[in-house]
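Trainee: Residue 55 is where the sequence shown starts when you use my numbering, and the numbers rise one by one after that.
First, the structure itself, so that you have it in front of you.
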Amino acid sequence: MLNPLTPVPFRSPGTDGTGRSGYPPAPEPLPVPVLDNHTHLDFRSGELSVGVKDALDAAAAVGVQGAVQVGCDLESSRFTVQAVDLDARLLGAVALHPNDAPDYALRGELDGALAEIEALAAHPRIRAIGETGLDFFRTEGEGLAHQRYSFRRHIDIAKRLGLTLQIHDRDAHDDVVQVLREEGAPERVVFHCFSGDEELARTCNTEGWYMSFAGTVTFKNASNLRAALAIAEPTRILVETDAPFLTPHPHRGRPNASYMIPYTVRAMADVTGSDLSALCAEIAENSVRAYGSWT
Ligand SMILES: [Zn+2]
Ligand SMILES: [Zn+2]
Numbered sequence: 055m056l057n058p059l060t061p062v063p064f065r066s067p068g069t070d071g072t073g074r075s076g077y078p079p080a081p082e083p084l085p086v087p088v089l090d091n092h093t094h095l096d097f098r099s100g101e102l103s104v105g106v107k108d109a110l111d112a113a114a115a116v117g118v119q120g121a122v123q124v125g126c127d128l129e130s131s132r133f134t135v136q137a138v139d140l141d142a143r144l145l146g147a148v149a150l151h152p153n154d155a156p157d158y159a160l161r162g163e164l165d166g167a168l169a170e171i172e173a174l175a176a177h178p179r180i181r182a183i184g185e186t187g188l189d190f191f192r193t194e195g196e197g198l199a200h201q202r203y204s205f206r207r208h209i210d211i212a213k214r215l216g217l218t219l220q221i222h223d224r225d226a227h228d229d230v231v232q233v234l235r236e237e238g239a240p241e242r243v244v245f246h247c248f249s250g251d252e253e254l255a256r257t258c259n260t261e262g263w264y265m266s267f268a269g270t271v272t273f274k275n276a277s278n279l280r281a282a283l284a285i286a287e288p289t290r291i292l293v294e295t296d297a298p299f300l301t302p303h304p305h306r307g308r309p310n311a312s313y314m315i316p317y318t319v320r321a322m323a324d325v326t327g328s329d330l331s332a333l334c335a336e337i338a339e340n341s342v343r344a345y346g347s348w349t
C-alpha cells in the first residue's frame, strides 16, 4: 500500500495503489493563516491514513496553521490526548459521539466512560468537550434516550471544567437548542459541521454560538447552508474539515485532510462577499476566541 503521509502524494493527484482515488492535489495557499477547528487524525479513509505530523505539515504549507483534533469514543479521546502532546499545532476535544453513547449505555459502561472523558479533559491542551449532541439520522428508538442523557452530561462537564462545547447536530436542530436552553449553555458553544438553515443561524447569532462550516457549504445542493452563512454574524464563523469526511468541491468523494481547507474558505468568501484575507483573519481570531491560543 502506498503510504499517503509523505508530502508528495498530498501535493499530487494519485491513487492509493489499488486503483481508487487518493488524496486530491493541494489548493493554492491562503493569504492569511486559518485553523481547522474539527478534524479526526486517527480515522482512516479506506486504506488511507494520515500521520499527525505529515497531515499538519501539508496543512501548514497552504496556510492552515493548526487544528482541533476531536475524539469520538474512549479510544479516540485517549489518542487525542497523545496527539496534543506530540504536536504543538494541535488542540484537542474529547467526548463520546452521540451515535456511540447508546452502545456504552447498553453495555452498562456509559457513566464510567463519561468519568474517563472528564479525566482526559483535564489536560491543558484539551479545550473542548465534543463532539457531543444529538443525531436523529443514525440513532433511533431506545438509543435516543441514552443519547440525550449523554448530551446533558457532556454539557455539565464542559460547564464545570470551563471548556468549549462542540456540538454534533444531525437532523436535530430544534432538540439540540432545546436541551442547551434547558441545561444552560456553556460560555462557548460551537455547532460543528453547521447544517442548519437561516433560522438556526439567527438563533446562533442571538445566543453568541459559533457556526463551523465544513466542505458541505461548497456542495451544489447546499443552498440552505449558504443562505445561513450569508446571514451568520462574522465574529461567530469558523471553518473545519471533519476529515477524512466531507471533502469540499471539486474533490467531493475523495479523502479529506486539513490541507483542503482553502477550498472551503474561498467558497465562504464568495458566499459572504468578503475579501479573502479579511475572512481568513476573522476566522483565525474567532478560533482563538473559541478555544484559546494554540501557542
Ligand atoms: Zn459530527
Ligand atoms: Zn467529526
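Each residue gets a CB set at the ideal place from its N, CA and C atoms; glycine is no exception.
Remember, predicted model here, so these are calculated numbers, not experimental data.
Applying the criterion that 16 or more other CB atoms from any shown protein chain within 10 Å of the CB defines a buried residue, is T349 buried or exposed?
Mentor: Working through the sequence shown from its first residue, we reach residue 349 at position 295. Exposed, since its Cβ has fewer than 16 Cβ neighbours within 10 Å.
Trainee: Would you kindly check if the distance between the Cβ of I209 and the Cβ of E237 is under 8 angstroms?
Mentor: Numbered from 1 along the sequence shown, position 183 holds the residue referred to as residue 237. Numbered from 1 along the sequence shown, position 155 holds the residue referred to as residue 209. Going by C-beta atoms, E237 is nearer than 8 angstroms to I209.
Trainee: Using a Cβ-based criterion (distance less than 7 angstroms to any ligand heavy atom), does G94 qualify as near ligand 1?
Mentor: Here residue 94 corresponds to residue number 40 of the sequence shown, with the count starting at 1. In the sequence on display, residue 94 carries His and not Gly. H94: no, Cβ never under 7 angstroms from ligand 1.
Trainee: Would you report the Cα separation of T295 and A159, rounded to the nearest angstrom?
Mentor: Counted from its first residue, the sequence shown places residue 295 at position 241. Counted from its first residue, the sequence shown places residue 159 at position 105. For T295 and A159, the distance between alpha carbons rounds to 29 angstroms.
Trainee: Per DSSP, Q54 is paired with what?
Mentor: This structure cannot settle anything about residue 54, because the visible part of the chain is limited to 55 through 349.
Trainee: Under 7 angstroms: does the beta carbon of H303 sit that close to some heavy atom of ligand 2?
Mentor: Here residue 303 corresponds to residue number 249 of the sequence shown, with the count starting at 1. No.
Trainee: So which residues put a beta carbon under 5 angstroms from any heavy atom of ligand 1, going in chain order?
Mentor: Residues flagged by the Cβ proximity filter: E185, H222.
Trainee: Taking P316 as the reference, which of P78, H94, G146, E82 has the closest Cα?
Mentor: Position 262 of the sequence shown holds residue 316. Here the closest residue by C-alpha is E82.
Trainee: Just to confirm the assignment: which complete beta strand (DSSP E) runs, minimum length 3, are found wholly within the region 198 to 245?
Mentor: Runs of the beta strand (DSSP E) inside the region 198 to 245: 218 to 224.
Trainee: Considering only residues of the region 273 to 348, which uninterrupted alpha helix (DSSP H) runs meet the minimum length of 4 residues and lie entirely inside it, listed in chain order?
Mentor: With a minimum length of 4 residues, the continuous alpha helix (DSSP H) runs that stay inside the region 273 to 348 are 277 to 285, 315 to 326, 330 to 345.
Trainee: For the candidate residues V271, A286, F273, whose alpha-carbon lies nearest to that of C258?
Mentor: Counted from its first residue, the sequence shown places residue 258 at position 204. For the residues V271, A286, F273, the minimum Cα distance to C258 belongs to A286.
Trainee: Measuring only the C-alpha atoms, how far is A338 from V118?
Mentor: In the sequence shown, residue 338 corresponds to position 284, counting from 1. In the sequence shown, residue 118 corresponds to position 64, counting from 1. The alpha-carbon atoms of A338 and V118 are separated by roughly 10 angstroms.
Trainee: Mapping the DSSP letters down to three states, classify T60 as helix, strand or coil.
Mentor: The sequence position of residue 60 within the sequence shown is 6, counting from 1. Residue placement at T60 is poorly supported in this model, since its pLDDT is 39, which falls under 50; the coordinates still yield a value, given next. T60: coil per DSSP, three-state reduction.
Trainee: Less than 7 angstroms separating the Cβ of H208 from some heavy atom of ligand 2?
Mentor: As a position in the sequence shown, residue 208 is number 154, starting the count at 1. Not so, every heavy atom of ligand 2 lies at least 7 angstroms from the Cβ.
Trainee: Using only the alpha-carbon positions, how far apart do P78 and A175 sit?
Mentor: The residue given as residue 78 occupies position 24 in the sequence shown. The residue given as residue 175 occupies position 121 in the sequence shown. Using only the alpha carbons, I get a separation of about 34 angstroms.
Trainee: For a test of your reading of the model: does the CB of V148 fall under 7 angstroms from any non-hydrogen atom of ligand 2? Yes or no.
Mentor: For the purposes of this step, residue 148 is taken as residue 94 along the sequence shown, with counting starting at 1. V148 Cβ: outside cutoff for every heavy atom of ligand 2.
Trainee: Expressed to the nearest angstrom, what Euclidean distance is found between the alpha-carbon atoms of A137 and V244?
Mentor: By one-based count along the sequence shown, residue 137 stands at place 83. By one-based count along the sequence shown, residue 244 stands at place 190. Looking at the two C-alpha atoms, the distance is approximately 21 angstroms.
Trainee: Across which residues does DSSP place D189 in a beta bridge pair?
Mentor: Position 135 of the sequence shown holds residue 189. Answer is R224, bridged to D189.
Trainee: Could you tell me the boundaries of the beta strand (DSSP E) in which F267 lies?
Mentor: The count along the sequence shown starts at 1 and reaches residue 267 at position 213. Run containing F267: 264 to 267, per the beta strand (DSSP E) assignment.
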